[in-house]
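Please read the structure below before turning to the comments.
Number of protein chains: 2
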Amino acid sequence: METTWQEQLRAAGLRVTRPRLSVLQVLAERPHADVDTIVTAARTVHPTLSPQAVYGVLEALVAGGLARRIEPAGAPALFELRVGDNHHHLVCRSCVAVADVDCTVGAAPCLTPSDTAGFVVDEAEVVFWGLCRACRAQTPADTVQVLQHDNRGGARG
Amino acid sequence: METTWQEQLRAAGLRVTRPRLSVLQVLAERPHADVDTIVTAARTVHPTLSPQAVYGVLEALVAGGLARRIEPAGAPALFELRVGDNHHHLVCRSCVAVADVDCTVGAAPCLTPSDTAGFVVDEAEVVFWGLCRACRAQTPADTVQVLQHDNRGGARG
DNA sequence: CGGTTTTCTTGAACGAGTCAAATCAAGACG
DNA sequence: CGTCTTGATTTGACTCGTTCAAGAAAACCG
């Protein structure tokens, strides 16, 4: 880590507080944590931390560019510190585990739609849906088919 | 439309009911409607229709492959009848208007990640975030910058 | 037309997230 | 080092989208 969290907070115009440092530490250890996970983990360091404080901290971190919020459909929001680079996410349909994917291709034709219907696009968000290794091992094969069936018609890129 | 809704419902093993036909009609007129919109619109045809019935109908339609559910981050779920083809969505950050985007490129390199971290991927979902024409016209330029700032670090494909 | 099964209605409940007022702490300044 | 000002956190209530459960209604089969 080049700069400390203190420095990053100050650079974003934010005060350095215990709740913020606790949340940053948790996010560094768990790259895609939801609010509940963050609260629970942060309380080992700061036992009186309230969920609302965590919402406030995360809002400040996202606004300050220190954290990013991702919201997989049907799951509570997740937060990550990896910011400012070009990466997407793999999400497990069964356990909502998330893994990062680097975009391996420089120019991605599909991500600059030809007809934008009058929209000015500033971000292309890609989510890869599937099953993680652990859930595949636990899950009988027919359940996998059910999961896929429920989402048939989904885009394949 | 090649086949009638009655036929499509039966083909999916679903009974043909008034609530279902009402919801299908609304979705045909409004391609990306949320539950509230569907309930309100469907009541012009079927005044006693309950919100819970609409949830049930939509769940059945999605399970039967007649409709697709899309959940833009931070907005209630939207439903569309366009199913089984390869298209993505443009979403307005300001008004959550949604437009369809056809994927104009046959092979999309970015959508087959090289390292899937043990995941078996069955769907790549792409959401383009931006501002629609109407909101750009209404919105002062600095507000646009704020919106973009709030999401800096987002992937650009 | 009657019986069986699915679907709808009605009412309650849940989880994630937000709002607002009061308290508290961080950092600036003297 | 203490005070002051502003920003952050706590506490508590609340909203919204969605889901659950039991009984009533309707669709479909024969």
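Quick note, the sequences are listed as chains R and H, same order.
Its first residue numbered 106, the first sequence is counted upward by one per residue in the working numbering.
Its first residue numbered 106, the second sequence is counted upward by one per residue in the working numbering.
Here a beta-carbon is modelled for each residue, glycine too, at the ideal position from N, C-alpha and C.
A quick note: this is a predicted structure, and the numbers were derived from the prediction, not measured.
Residue 212 (chain R) in three-state terms, based on DSSP:
Numbered from 1 along the first sequence, position 107 holds the residue referred to as residue 212 (chain R). Any reading at residue 212 (chain R) must be qualified, since the residue scores a pLDDT of 49, below 50, and its modelled position is unreliable; the value itself is stated next. Residue 212 (chain R): coil per DSSP, three-state reduction.
Stretch-stretch touch, CB-based, cutoff 8 angstroms, three pairs: the region 155-175 of chain H with the region 220-227 of chain H
No contact exists between the region 155-175 of chain H and the region 220-227 of chain H.
Alpha-carbon to alpha-carbon, residue 193 (chain R) and residue 252 (chain R):
Locating residue 252 (chain R) in the first sequence gives position 147, where the first residue counts as 1. Locating residue 193 (chain R) in the first sequence gives position 88, where the first residue counts as 1. Since pLDDT at residue 252 (chain R) reaches only 47, below the 50 mark, its modelled position is unreliable, and no value is offered.
Quick test of the definition: if touching needs 3 or more C-beta pairs under 8 angstroms, does the region 196-206 of chain R touch the region 163-183 of chain H?
Flag = no, the region 196-206 of chain R and the region 163-183 of chain H do not touch.
Of all the residues that make up the region 197-211 of chain H, which are near chain R by a beta-carbon distance shorter than 9 angstroms?
The region 197-211 of chain H vs chain R, Cβ under 9 angstroms: 197, 198, 202, 204, 205, 206, 207, 208, 209 and 210.
Cβ pair residue 188 (chain R), residue 170 (chain R) closer than 8 angstroms:
Position 83 of the first sequence, counted from the start, is the residue given in the question as residue 188 (chain R). Position 65 of the first sequence, counted from the start, is the residue given in the question as residue 170 (chain R). Cβ atoms of residue 188 (chain R) and residue 170 (chain R): closer than 8 angstroms.
Cα separation between residue 237 (chain H) and residue 242 (chain R)?
The residue you call residue 237 (chain H) lines up with position 132 of the second sequence. The residue you call residue 242 (chain R) lines up with position 137 of the first sequence. Going by the C-alpha atoms only, they are around 44 angstroms apart.
How is residue 174 (chain H) classed by DSSP in three states: helix, strand or coil?
Stepping through the second sequence from its first residue, residue 174 (chain H) is reached at position 69. Residue 174 (chain H): strand per DSSP, three-state reduction.
What residues from the region 217-237 of chain R come within 8 angstroms of chain H, judged by C-beta to C-beta, listed N to C?
Listed in sequence order: 217, 218, 219, 220, 221, 222, 223, 224, 225, 226, 227, 228, 229, 230, 231, 232, 233, 234, 235, 236 and 237.
Which value, in whole angstroms, describes the spacing of the CA atoms of residue 59 (chain R) and residue 137 (chain R)?
Chain R is shown only over 106 to 262; residue 59 (chain R) falls outside these bounds and no answer can be derived.
For the alpha helix (DSSP H) containing residue 236 (chain H), name the first residue and the last one.
What you label residue 236 (chain H) is simply residue 131 of the second sequence in a count that begins at 1. Per DSSP, residue 236 (chain H) belongs to no alpha helix (DSSP H); it is in the beta strand (DSSP E), 225-236.
Name the residue from R:140, R:129, R:195 and R:115 whose alpha carbon lies nearest to the alpha carbon of residue 182 (chain R).
Residue mapping note: residue 182 (chain R) aligns to position 77 of the first sequence, counting from 1. Per the Cα distances, R:140.
In the DSSP assignment, find the unbroken alpha helix (DSSP H) run with residue 166 (chain H) in it and report its ends.
Stepping through the second sequence from its first residue, residue 166 (chain H) is reached at position 61. Its alpha helix (DSSP H) spans residues 156-168.
For the beta strand (DSSP E) containing residue 195 (chain H), list its first residue and its last residue.
By 1-based counting over the second sequence, the position of residue 195 (chain H) is 90. If you look at residue 195 (chain H), you'll find it in the beta strand (DSSP E) that goes 192-197.
If you draw a straight line from the C-alpha of residue 124 (chain R) to the C-alpha of residue 108 (chain R), how long is it?
Taking the first sequence and counting its residues from 1, the one referred to as residue 124 (chain R) is at position 19. Taking the first sequence and counting its residues from 1, the one referred to as residue 108 (chain R) is at position 3. Taking the straight line from one Cα to the other gives about 19 angstroms.
Run the CB neighbour count on residue 239 (chain H), radius 10 Å, all protein chains shown included, and call it buried at 16 or more, exposed below.
Taking the second sequence and counting its residues from 1, the one referred to as residue 239 (chain H) is at position 134. Burial is judged here by how many other beta carbons sit within 10 angstroms of a residue's own beta carbon; residue 239 (chain H) has fewer than 16 and is exposed.
Can you grab the Cα-Cα spacing for the pair residue 116 (chain R) / residue 167 (chain R), in whole Å?
The sequence position of residue 116 (chain R) within the first sequence is 11, counting from 1. The sequence position of residue 167 (chain R) within the first sequence is 62, counting from 1. Each residue's alpha carbon lies about 14 angstroms from the other.
Please compile the residues from chain H whose C-beta is within a distance smaller than 8 angstroms of the C-beta of residue 186 (chain R).
To locate residue 186 (chain R), count along the first sequence from 1; it is residue 81. Close partners of residue 186 (chain R) in chain H (Cβ separation under 8 angstroms) are lacking, with about 10 angstroms as the shortest Cβ gap.
For a contact defined as C-beta to C-beta under 8 angstroms, what are the partners of residue 179 (chain R) on chain H?
Along the first sequence, read from residue 1 onward, the residue named residue 179 (chain R) stands at position 74. The answer, in chain order, is 176.
8 angstroms Cβ cutoff, residue 135 (chain R) in contact with chain H
Looking up residue 135 (chain R) in the first sequence gives position 30. By the rule that beta-carbons nearer than 8 angstroms mark a contact, residue 135 (chain R) does not touch chain H.
Using DSSP with H/G/I as helix, E/B as strand and the rest coil, what is residue 128 (chain H)?
Working through the second sequence from its first residue, we reach residue 128 (chain H) at position 23. For residue 128 (chain H), the three-state secondary structure derived from DSSP is helix.
Residue 121 (chain R): buried (16+ other C-beta within 10 angstroms of its C-beta) or exposed?
Within the first sequence, the letter at position 16 stands for residue 121 (chain R). Residue 121 (chain R) is exposed by the Cβ-count criterion.
Chain H partners of residue 195 (chain R), CB-CB under 8 angstroms?
Counting from one through the first sequence, the residue named residue 195 (chain R) turns up at place 90. Within chain H, the residues near residue 195 (chain R) are 218, 221, 222, 224 and 226.
So which residues of chain R does residue 241 (chain H) contact, with C-beta pairs closer than 7 angstroms?
Residue numbering aside, residue 241 (chain H) sits at position 136 when the second sequence is read from its first letter. Annotation: Cβ neighbours of residue 241 (chain H) in chain R (cutoff 7 angstroms, chain order): 225.
Classify residue 114 (chain R) as helix, strand or coil using the three-state DSSP reduction.
Taking the first sequence and counting its residues from 1, one reaches residue 114 (chain R) at position 9. If DSSP states are grouped into helix, strand and coil, residue 114 (chain R) belongs with the helices.
Quick check on the DSSP output: the beta strand (DSSP E) that includes residue 207 (chain H) runs from which residue to which?
The residue labelled residue 207 (chain H) in the question sits at position 102 within the second sequence. Where residue 207 (chain H) is concerned, the enclosing beta strand (DSSP E) stretches over 203-207.
Proximity to residue 128 (chain R) [Cα-Cα], best of R:226, R:179, R:184 and R:118
Residue mapping note: residue 128 (chain R) aligns to position 23 of the first sequence, counting from 1. When C-alpha distances from residue 128 (chain R) are compared across R:226, R:179, R:184 and R:118, the shortest belongs to R:184.
Using 10 angstroms around the beta-carbon of residue 111 (chain H), count the other beta-carbons present and answer buried if the total reaches 16, otherwise exposed.
The count along the second sequence starts at 1 and reaches residue 111 (chain H) at position 6. By the 10 Å Cβ count, residue 111 (chain H) comes out exposed.
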